[in-house]
Amino acid sequence: LMNNNFRVSASTRFLNETIPSLNKSDILVLNGGNYKNYTNQEVNLIVQFVNQGGSIFVLGEHDNVWNMSIFQNKLLENFNMSINHDLVVDNTSYYTYEFWISFNSSNFNLKNITFFSAATMNLSSGPEPIAITSSNSNPSDAIVGAKCEYGEGRIICVTDTQFLWNGDNGTGRTFGIGINIGNNSNFILKIFEWLANKSLPSQKIQVLPEYSLFTANNFSLNLSTNGIYNITANITGGSINPNQVINAANWTTWDITVNKDGYVRFMFNNSNESKTIVVYFFKPYNPSRSILFSEVNFSRRVDQSISGLYNFSKYLRDHNFSVFASKMELNASNFDAVCISNPLQNISNSQISNLLTSNRLLVLGESYTVQDFQLNSSIWNPINSLLLNFGINLTHYLICDNIFNYTDDLIKPTIQGIIPEIEFTAYQSSVVNPTNLNLKIFASGKNSSWGEYYSSLGDWLDPQPLSFDPGDITRTPFIVYNSSVMAIGDTDVITNERGDAPLFFYLEHWLKTGIPYPNIELTPSKESILADNTSTITFTSKIIYDSYGNELDNGTLIKVTTDLGTIITPDEDPSTPGIQISIKDRFLKFSIQAGVVPGIANISAYNFSLKVIGLTSVKFLQKSHPTPEIIPTLMIIVSTLEESVIFSNIILILVTVSIGATLIILLIEKKLTEKKAIIQSEEEIEKSKLKSKKRRRKSKFVRKKL
Numbered sequence: 009l010m011n012n013n014f015r016v017s018a019s020t021r022f023l024n025e026t027i028p029s030l031n032k033s034d035i036l037v038l039n040g041g042n043y044k045n046y047t048n049q050e051v052n053l054i055v056q057f058v059n060q061g062g063s064i065f066v067l068g069e070h071d072n073v074w075n076m077s078i079f080q081n082k083l084l085e086n087f088n089m090s091i092n093h094d095l096v097v098d099n100t101s102y103y104t105y106e107f108w109i110s111f112n113s114s115n116f117n118l119k120n121i122t123f124f125s126a127a128t129m130n131l132s133s134g135p136e137p138i139a140i141t142s143s144n145s146n147p148s149d150a151i152v153g154a155k156c157e158y159g160e161g162r163i164i165c166v167t168d169t170q171f172l173w174n175g176d177n178g179t180g181r182t183f184g185i186g187i188n189i190g191n192n193s194n195f196i197l198k199i200f201e202w203l204a205n206k207s208l209p210s211q212k213i214q215v216l217p218e219y220s221l222f223t224a225n226n227f228s229l230n231l232s233t234n235g236i237y238n239i240t241a242n243i244t245g246g247s248i249n250p251n252q253v254i255n256a257a258n259w260t261t262w263d264i265t266v267n268k269d270g271y272v273r274f275m276f277n278n279s280n281e282s283k284t285i286v287v288y289f290f291k292p293y294n295p296s297r298s299i300l301f302s303e304v305n306f307s308r309r310v311d312q313s314i315s316g317l318y319n320f321s322k323y324l325r326d327h328n329f330s331v332f333a334s335k336m337e338l339n340a341s342n343f344d345a346v347c348i349s350n351p352l353q354n355i356s357n358s359q360i361s362n363l364l365t366s367n368r369l370l371v372l373g374e375s376y377t378v379q380d381f382q383l384n385s386s387i388w389n390p391i392n393s394l395l396l397n398f399g400i401n402l403t404h405y406l407i408c409d410n411i412f413n414y415t416d417d418l419i420k421p422t423i424q425g426i427i428p429e430i431e432f433t434a435y436q437s438s439v440v441n442p443t444n445l446n447l448k449i450f451a452s453g454k455n456s457s458w459g460e461y462y463s464s465l466g467d468w469l470d471p472q473p474l475s476f477d478p479g480d481i482t483r484t485p486f487i488v489y490n491s492s493v494m495a496i497g498d499t500d501v502i503t504n505e506r507g508d509a510p511l512f513f514y515l516e517h518w519l520k521t522g523i524p525y526p527n528i529e530l531t532p533s534k535e536s537i538l539a540d541n542t543s544t545i546t547f548t549s550k551i552i553y554d555s556y557g558n559e560l561d562n563g564t565l566i567k568v569t570t571d572l573g574t575i576i577t578p579d580e581d582p583s584t585p586g587i588q589i590s591i592k593d594r595f596l597k598f599s600i601q602a603g604v605v606p607g608i609a610n611i612s613a614y615n616f617s618l619k620v621i622g623l624t625s626v627k628f629l630q631k632s633h634p635t636p637e638i639i640p641t642l643m644i645i646v647s648t649l650e651e652s653v654i655f656s657n658i659i660l661i662l663v664t665v666s667i668g669a670t671l672i673i674l675l676i677e678k679k680l681t682e683k684k685a686i687i688q689s690e691e692e693i694e695k696s697k698l699k700s701k702k703r704r705r706k707s708k709f710v711r712k713k714l
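Read left to right, the sequence shown gives residues 9 to 714 (this note's numbering).
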C-alpha cells in the first residue's frame, strides 16, 4: 500500500477513540477480533463514519475460534451483509488442499485470486459480490467477498485473511499462500482503489519542497503538475490565493495565510487526485529553532492524528519550534534538529552523510526493525548503518519486566541514577548498547529482563536466552545520548497514541541544549573529604531557572539526595518523602556529613513537578594513618671463631623510628642468646670432666699406695 502512495498507520486504541480522529477520506481496516465483541457505541461510530464519507475494509474468517467467524456480523448487518460459520471447498482445485480455492473477479476484471479457507456470505438488498467461487466448489458459486455503498462512504468485506499474508511464493516449498500467490496483490490494490474512489497509480502532482507538515503564519507553495489540470485549493484555518486555477500546467504559486491548525488541500478536478498538507499555525512569538521529521525510507509519518509523532510535533510547535515533515530528502543542515523514526528501508551512504550534517539527530528504532520485520539478513539492520557512526548499536535484544513471564513486554524504565519519580512506559523496547565512552544512559529498564525473543512468533532465538539482572541498569539501557544524538529503542514510547507526553519535555530540552533536563548547577565547597564519620561538605547552586527561563522563587522546595553520607541540613517538609530544602536568597544550599564508607557519592537536587534536575558527585576518601618514616638503617654482620664454635649469621639491626616526639631504638638479636647458652653448657661439661679425671687419678694413687 505504501508503495502505491497510500499513507498507512496502525492504532491500538479503542475504536471510540480512534474513529473521531479520522478524516472522511480515510479507509479504516477492521481485522477479525478475538474474545471481545464490538460495543454498540463502536458500531454506531463506524456506521456514522461511513455515512459521512469514510470507507471500511472488513476481514472475516471461516473458523469460529473466539467467535472470529461471526464477530463482524454485528457491524455488517447494518450494511445488509453477514458471514456464515462454514468453509468452502473445491475438489478440483490444483492447490494442495481442497479448501485452497481459486476464483475470478468479474467485478474487478481479475483472474486467479486465491483464498486459503474462506467462509460464505449472505447478502440482501444493496451489496454486490466481488468474489464468487466456481461451480465446482461446495457450495457452488459461493460469495466470499462483497462491496456496497452506504451514504457517502463505501464498504468491502472478504471472508479470508490469509490471502494478505506476506507468504512465500512457493519456491522450494511444498505450498505457498499469501499476497504473492496468483493475482492476490492486484486484488488487494483494486479493493483499496475502489474504497479510496480513485484510480491508481497517482502522484502526477508535486509540491516543492514536498512537505507533508510545516509550521507557518504566512507562506507560499509552489506546485507542479504533470499535465494540464483544473486545480481547486482550500485551507481549513486560513485563507489561500488563488483558490482556483483553470488549465494549470507546470508551476503555480499559492499565497497562504494561517490563523489556526489546519490542512491545505489541492483538488484536481479532472483526475480524481488531491494533495494534502498539514499546517500548524505558529503563535505570534518568533520560533527560535527548527526541526525536520524525515519520512524517507518508509519512516513513520507525522501527518496523522493517531500518531504520537503528530502530538509530539504539536508539542514542539507550542514550545518555540518551527516544525517540518517531508517524505523527500531535504538538506539536514538547514534545520537545528532532525528526527527519523523507525525506517524500514536501508539508509544509503549519501543519506547518512546528509543526516550527519544536522546539529542534533533524534533516532527512534524498534526491535523488529533490526530483527523480525525484515527476515532478509542483508537488510535486517537498516537503522544501525546510521547509529554506528555515533558508537550506538540498537540490538535485537528485547527488554521486559518479568523473566517468568516474557510476554510482559511493558517496561517502566527510570532515568539512570537516584531519581525514581521520572517514569515513562515503553513497549517491547530494544536494548540500545552505547559503545562510545562519551555516550550517557538516560533511561533503562531497571530490574528488567533482556534477551532474544522473537516477538511475532513467541519463539526463543539462540544464543542469548532471556536473563535477569536486577538493579543493573547498565545491562538494559533503552535511551542513550550525547550532545549530538539521542537513540531510543522503542518508537511507541512517543509515536503511538499511548505515547508518553512526560517524555516530550526531556526530548524538547535535549533538542535545545544537548542535555535532557534543565540543569541545577551544584558547586561543592571541597573536591573531596575523608570518610571519617565527621567531615562535612557544602553544596551551593547557581540561580535556578525553569524550562521557560523563569527564575525560581525563594521558598521553592527542592528535593536533595545522596547515596553516601548523610544530609545534615534540616528537612523543611517532613510530610513529603525525602529531604526538602528551600531556595533562600536566590540559591539552594545544603550540607552532607561523610560516613565511614569511602567511594564516589552521587548527589542530586530536583523538583519533579518543575522538571529541574541537578546531578553532581564528590569523593569520600579512605581514612588512614600516615605511613611510618624510617630514618636510618644500620646493618652489622658478625662472624667470629671462639673455642671451635663458629658464630655466624648474627645480624644486629638498629632501626630508629620517629612517631610523634618519641624515639624508639629497637635492638634485634638473632641466635646470640642461644649461642651463648650453648657455649656456657659446653664449658661446664669440660670442667666436670676435669674434676672427674682428677678424682680417678687420686683414687688410683691411693689404691697403688695401699
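For each residue, glycine too, the CB sits at the ideal point set by N, CA and C. Keep in mind it's a predicted model, so treat the numbers as computed, not measured.
Which residue comes first and which comes last in the alpha helix (DSSP H) that contains residue i?
i, result
"Tyr-323", "316-325"
"Asn-527", "Note, Asn-527: premise wrong, no alpha helix (DSSP H); not H, not E."
"Val-51", "48-59"
"Thr-26", "23-26"
"Lys-597", "Element bounds for Lys-597: not the alpha helix (DSSP H) but the beta strand (DSSP E), 597-601."
"Leu-338", "It is not in any alpha helix (DSSP H) - Leu-338 carries neither H nor E in the DSSP assignment."
"Leu-394", "392-395"
Skipping 5 residues on each side, what residues in its chain have a beta carbon closer than 7 Å to that of residue i?
i, result
"Val-488", "Ile-400, Val-440, Pro-442, Leu-447, Lys-448, Ile-449, Phe-450, Ala-495"
"Ile-654", "The predicted model places Ile-654 with a pLDDT of 35, which falls under 50 and marks its position as unreliable, so this point remains unresolved."
"Asn-24", "Gln-49, Glu-50, Leu-53"
"Val-55", "Asn-86"
"Tyr-219", "Ile-285, Phe-332, Ala-333, Ser-334"
"Asn-267", "Gly-245, Gly-246, Phe-289"
"Pro-606", "Ala-539, Phe-628, Leu-629, Gln-630"
Going by beta-carbon coordinates alone, are residue i and residue j separated by less than 8 Å?
i, j, result
"Asp-554", "Ala-609", "no"
"Asn-397", "Leu-364", "yes"
"Ser-341", "Leu-300", "no"
"Ile-121", "Thr-141", "no"
"Pro-390", "Ile-348", "no"
"Leu-317", "Arg-325", "no"
"Phe-512", "Tyr-323", "yes"
"Glu-69", "Ala-127", "yes"
"Ile-236", "Ala-257", "yes"
"Thr-544", "Ser-583", "no"
"Val-166", "Leu-9", "no"
"Val-97", "Leu-221", "no"
"Tyr-288", "Thr-223", "yes"
"Asn-249", "Asp-263", "yes"
"Leu-95", "Ser-125", "yes"
"Ser-232", "Trp-259", "yes"
"Ser-549", "Leu-596", "yes"
"Gln-723", "Glu-374", "As displayed, the chain neither begins before 9 nor continues past 714, which places residue 723 out of reach and without an answer."
"Glu-559", "Ile-566", "no"
What residue does the beta strand (DSSP E) around residue i start on, and which one ends it?
i, result
"Val-4", "With the chain covering only 9 through 714, there is no way to say anything about residue 4."
"Glu-201", "Looking at the DSSP string, Glu-201 is not in any beta strand (DSSP E); the run it does join, the alpha helix (DSSP H), is 192-204."
"Gln-359", "That residue, Gln-359, is in no beta strand (DSSP E); its alpha helix (DSSP H) goes 357-363."
"Lys-82", "Element bounds for Lys-82: not the beta strand (DSSP E) but the alpha helix (DSSP H), 81-84."
Taking 7 Å as the cut-off, is the C-beta of residue i nearer than that to any heavy atom in the ligand ZN?
i, result
"Ser-19", "Within the structure as shown, the ligand ZN is missing, as the structure has no ligands at all."
Can you give me the Cβ contacts of residue i inside the same chain, cut-off strictly under 6 Å, excluding the 5 residues immediately before and after it?
i, result
"Gln-379", "At Gln-379 the pLDDT is 42, less than 50, meaning the model places this residue with poor confidence and gives no usable figure here."
"Ala-18", "none"
"Asn-115", "Ile-138"
"Leu-352", "Phe-306"
"Arg-297", "Phe-329, Asp-344"
At a Cβ threshold of 8 Å, is residue i touching chain C?
i, result
"Pro-390", "Although the question refers to chain C, the structure presented lacks it and comprises just one protein chain."
Can you name, in chain order, every residue of its own chain whose Cβ lies under 8 Å from the Cβ of residue i, other than the five neighbours on each side?
i, result
"Ser-491", "Arg-368, Gly-522, Ile-523"
"Lys-82", "Asn-45, Tyr-46, Val-51"
Count the CB pairs spanning the stretch 524-542 and the stretch 598-618 that are closer than 8 Å, and state whether there are at least three.
yes
Determine contact between the stretch 515-525 and the stretch 586-605, defined as no fewer than three beta-carbon pairs at a distance below 8 Å.
no
Would the stretch 218-231 count as touching the stretch 191-199 if we require 3 or more Cβ pairs under 8 Å?
no
Below 8 Å, can you find three or more Cβ-Cβ pairs linking the stretch 34-50 to the stretch 114-133?
no
Curious, which full-length beta strand (DSSP E) runs of at least 3 residues does the stretch 532-619 contain?
536-538, 544-549, 565-570, 587-590, 597-601, 607-615
Any beta strand (DSSP E) of 3 or more consecutive residues that is wholly inside the stretch 94-155:
108-113, 118-124, 129-131, 136-140
Ignoring anything shorter than 3 residues or poking outside the stretch 221-306, list the beta strand (DSSP E) runs there in chain order.
226-243, 246-249, 252-266, 270-276, 281-289, 297-302
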